[in-house]
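S.K.: If you're matching positions, the sequence shown starts at 1 in full-length UniProt numbering and goes up one per residue. All C-beta atoms in this analysis are idealised placements derived from N, C-alpha and C, irrespective of residue type, glycine included. From a predicted model like this one, the values you see are computed outputs, not experimental measurements. Below are the structure tokens for one structure; questions will follow.
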Amino acid sequence: MNPEEEKRATPCSSPVFVHNPYLDVMKDDVLYHFGLGTATHNLPAMFGDVKFVCVGGSPWRMKSFTEYIAAEIRMEDPESEYPNICAGTDRYAMYKVGPVLSVSHGMGIPSIAIMLHELIKLLHHAHCEDVTIVRIGTSGGIGLEPGTVVVTKKSMDATFLPKFEQVILGKTVERNTDLDQCLAEELLQCSKELNQFETVIGNTMCTLDFYEGQARLDGAFCSYTEKDKQDYLKKASEAGICNIEMESSVFAAMCKLSGLRAAVVCVTLLDRLKGDQMNSSHEVLQSYQLRPQILVGNYIKKLLKAKAGRSCNSATV
């Protein structure tokens, strides 16, 4: 393990920040879309030990990740029936195994942004420290073989600029979308050690739409040509963009504001230069979707093993 990884495996005081003075004077903070609240739940007792948060679009995928990580870190029986902590609402699903929290975020910027507001407040209210958060998901690749895993360097908008724009009180606010580069390199190194599938670091384009916003030719509307599409995607590739999805920009921006060490790990399901629809079999696509889980799960196991080793060494001194 390199010095940076050892540092991350060592306990430190890095709190989760909120930037809202009104939270301090609220008697009860209701996390409405989670079905949780500071007056109704003991959030420090429930979540105070969380060190890793993995988020992804699908509730099924996040439950699958929970079962996978349970087997990897051997803290609980992977055959257990893990309860959905957010069962009181139908918006998101949340599962927990030891220090690992798994949360679904739905599809697109608005959905993940709502989830992140409440997740960041939950981690803050629970007094969590030194938290690493990773979005695991699927994407369309640009010039990559399907099944390639992309660890995002920077999230870019549809004009190839590394920024996220939010309209607040009628004014456009621009926020930075940088992700933790040390974490990205650690994940790449972990993939090399696994040696199970191709993994690259590259920029990710985050769009507001799955069809026209991603230059697809198969939506209900299309006002451009095949050549227009190819020219656009080639320009994206020249800007260092390796894949396209719909959540990374606001994820990067909000995690950076909160002091969360963050990464985006997405598998490519197709090469968009060669087509717009996924023609691989269901079984192949399912196997691709497991790759981010395998990579992130092994990274978490590696850090927890290093932390346990350090604790044992300290105890024998």
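Do you know offhand how far Asn-203's Cα is from Arg-74's?
M.R.: Position 203 of the sequence shown, counted from the start, is the residue given in the question as residue 203. Position 74 of the sequence shown, counted from the start, is the residue given in the question as residue 74. Taking the straight line joining both Cα atoms gives about 34 Å.
S.K.: Does the separation of the CB atoms of Met-107 and Phe-160 fall below 9 Å?
M.R.: Here residue 107 refers to the residue found at position 107 of the sequence shown. Here residue 160 refers to the residue found at position 160 of the sequence shown. Cβ atoms of Met-107 and Phe-160: not closer than 9 Å.
S.K.: What residue does the beta strand (DSSP E) around Arg-95 start on, and which one ends it?
M.R.: Locating residue 95 in the sequence shown gives position 95, where the first residue counts as 1. According to the sequence displayed, residue 95 carries Tyr and not Arg. Start and end: 94-97.
S.K.: May I ask which residues mark the beginning and end of the beta strand (DSSP E) holding Lys-171?
M.R.: Translated into positions along the sequence shown, residue 171 becomes position 171. Run containing Lys-171: 171-176, per the beta strand (DSSP E) assignment.
S.K.: Would you tell me roughly how many angstroms separate the C-alpha atoms of Tyr-299 and Glu-185, rounded to the nearest one?
M.R.: Indexing the sequence shown from 1 puts residue 299 at position 299. Indexing the sequence shown from 1 puts residue 185 at position 185. Tyr-299 and Glu-185: Cα-Cα distance of roughly 11 Å.
S.K.: Just to confirm, are Ile-112 and Phe-251 a CB contact at a threshold of 9 Å?
M.R.: Against the sequence shown, residue 112 aligns to sequence position 112. Against the sequence shown, residue 251 aligns to sequence position 251. Yes.
S.K.: Measuring straight from C-alpha to C-alpha, what distance separates Glu-226 and Gln-214?
M.R.: Along the sequence shown, one-based indexing puts residue 226 at 226. Along the sequence shown, one-based indexing puts residue 214 at 214. If I take the Cα positions, the gap works out to 13 Å.
S.K.: In or out: Tyr-92 buried (at least 16 other Cβ within 10 Å) or exposed?
M.R.: As a position in the sequence shown, residue 92 is number 92, starting the count at 1. Around the Cβ of Tyr-92, a 10 Å sphere holds 16 or more other Cβ atoms; the residue is buried.
S.K.: With H, G and I counted as helix, E and B as strand and the rest as coil, what does DSSP make of Met-278?
M.R.: As a first step, residue 278 is located in the sequence shown; it is residue number 278 there, counting from the start. Coil at Met-278, not helix or strand.
S.K.: Please give me, in chain order, every unbroken run of the alpha helix (DSSP H) with length at least 4 that falls completely inside the region 190-238.
M.R.: 226-238
S.K.: With a cut-off of 8 Å on the beta carbons, I'd call Phe-197 and Val-134 a contact; round off their distance for me.
M.R.: The residue you call residue 197 lines up with position 197 of the sequence shown. The residue you call residue 134 lines up with position 134 of the sequence shown. Not quite, the Cβ-Cβ distance comes to about 17 Å (not below 8 Å), so this is no contact.
S.K.: By Cβ distance below 6 Å, which residues in the same chain neighbour Met-254 in space, the five residues on each side in sequence not counted?
M.R.: The count along the sequence shown starts at 1 and reaches residue 254 at position 254. If we look at Met-254 and ignore the five residues flanking it on each side, its Cβ neighbours are Leu-116.
S.K.: To the nearest angstrom, how far is it from the Cα of Ala-9 to the Cα of Leu-303?
M.R.: Reading the sequence shown from its first residue, position 9 is the one you call residue 9. Reading the sequence shown from its first residue, position 303 is the one you call residue 303. Reliability of the predicted coordinates at Ala-9 is poor, the pLDDT of 45 falling under 50, and no value is obtained from them.
S.K.: Less than 9 Å between the C-beta atoms of Ser-248 and Val-264, yes or no?
M.R.: Locating residue 248 in the sequence shown gives position 248, counting from the first residue. Locating residue 264 in the sequence shown gives position 264, counting from the first residue. Contact flag set, yes.
S.K.: Among Glu-145, Leu-257, Asp-218, which has the Cα closest to the Cα of Ser-280?
M.R.: Against the sequence shown, residue 280 aligns to sequence position 280. The residue with the shortest Cα to Cα distance from Ser-280 is Glu-145.
S.K.: Suppose you measure from the CA of Lys-256 to the CA of Asn-243; what does that come to, to the nearest Å?
M.R.: Counting from 1 along the sequence shown, the entry for residue 256 is found at position 256. Counting from 1 along the sequence shown, the entry for residue 243 is found at position 243. About 21 Å.
S.K.: Take Cys-190 and list the residues in its own chain whose beta-carbon comes closer than 8 Å to its own, dropping the five residues that flank it on each side.
M.R.: As a first step, residue 190 is located in the sequence shown; it is residue number 190 there, counting from the start. Result list for Cys-190: Leu-295, Asn-298, Tyr-299, Lys-302, in chain order.
S.K.: On the three-state DSSP scale, how would you describe Asp-271?
M.R.: Translated into the one-based positions of the sequence shown, residue 271 becomes position 271. In this structure, Asp-271 counts as strand in the three-state DSSP scheme.
S.K.: Going by DSSP, which residues form a beta bridge with Val-103?
M.R.: Along the sequence shown, one-based indexing puts residue 103 at 103. In DSSP, Val-103 forms a bridge with Val-55, Met-94.
S.K.: Start and end of the alpha helix (DSSP H) containing Val-250?
M.R.: Within the sequence shown, residue 250 is the residue found at index 250, counting from 1. Element bounds for Val-250: 248-258.
S.K.: Can you tell me where the alpha helix (DSSP H) holding Ile-142 begins and where it ends?
M.R.: Within the sequence shown, residue 142 is the residue found at index 142, counting from 1. Where Ile-142 is concerned, there is no enclosing alpha helix (DSSP H), given that its DSSP letter is neither H nor E.
S.K.: I'd like to know if the region 25-42 and the region 91-105 are in contact, where contact means that at least 3 CB-CB pairs between them fall below 8 Å.
M.R.: yes
S.K.: Please report the Cβ distance between Lys-121 and Val-18, rounded to the nearest whole angstrom; I am assuming they are in contact, meaning their Cβ atoms lie under 8 Å.
M.R.: Looking up residue 121 in the sequence shown gives position 121. Looking up residue 18 in the sequence shown gives position 18. The pair is a contact, with the Cβ atoms about 6 Å apart (cut-off 8 Å).
S.K.: For Gln-181, which residues of its own chain have a beta-carbon under 8 Å away from its beta-carbon, when the five flanking residues on both sides are left out?
M.R.: On the sequence shown, position 181 is the one that residue 181 refers to. These residues qualify, in order along the chain: Lys-153.
S.K.: Is it buried or exposed for Met-26, if we count other Cβ within 10 angstroms and need 16 for buried?
M.R.: Here the question's residue 26 lines up with position 26 in the sequence shown. Result: exposed.
S.K.: Please list, in chain order, all residues of the same chain as Lys-59 whose beta carbon is under 7 Å from its beta carbon, the five residues on each side excluded.
M.R.: Locating residue 59 in the sequence shown gives position 59, counting from the first residue. Going by the sequence as given, residue 59 is Pro instead of Lys. Excluding sequence neighbours, Pro-59 sits near Ala-93, Ser-104.
S.K.: Mind checking His-282: buried by the 16 CB within 10 Å criterion, or exposed?
M.R.: To locate residue 282, count along the sequence shown from 1; it is residue 282. Per the 10 Å Cβ criterion, exposed.
S.K.: Note down, one range per segment and in chain order, each alpha helix (DSSP H) of at least 4 residues found wholly within the region 25-75.
M.R.: 43-47, 59-73
S.K.: Please report the distance separating the alpha-carbon of His-125 from that of Lys-235.
M.R.: As a first step, residue 125 must be located in the sequence shown, where it is residue number 125. As a first step, residue 235 must be located in the sequence shown, where it is residue number 235. Cα to Cα, His-125 sits roughly 44 Å from Lys-235.
S.K.: Pick from Phe-210, Ala-262, Leu-188, Lys-192: whose alpha carbon is nearest that of Asp-178?
M.R.: Taking the first residue of the sequence shown as position 1, residue 178 is located at position 178. Considering only alpha carbons, the answer is Ala-262.
S.K.: I need the straight-line Cα distance from Ile-69 to Ser-102, nearest angstrom please.
M.R.: Indexing the sequence shown from 1 puts residue 69 at position 69. Indexing the sequence shown from 1 puts residue 102 at position 102. Going by the C-alpha atoms only, they are around 10 Å apart.
S.K.: Assign Phe-164 to buried or exposed, taking buried as 16 or more other Cβ atoms, counted over all protein chains shown, within 10 Å of its Cβ.
M.R.: Translated into the one-based positions of the sequence shown, residue 164 becomes position 164. With 16 or more Cβ atoms within 10 Å of its Cβ, Phe-164 is classed as buried.
S.K.: If you measure between the beta carbons of Leu-188 and Val-200, is that distance less than 9 Å?
M.R.: Taking the sequence shown and counting its residues from 1, one reaches residue 188 at position 188. Taking the sequence shown and counting its residues from 1, one reaches residue 200 at position 200. Their beta carbons are under 9 Å apart, which means Leu-188 touches Val-200 by this criterion.
S.K.: Using the beta-carbon count (16 or more within 10 Å), is Ser-80 buried or exposed?
M.R.: Here residue 80 is taken as the residue at index 80 of the sequence shown, counted from 1. Ser-80 comes out exposed.
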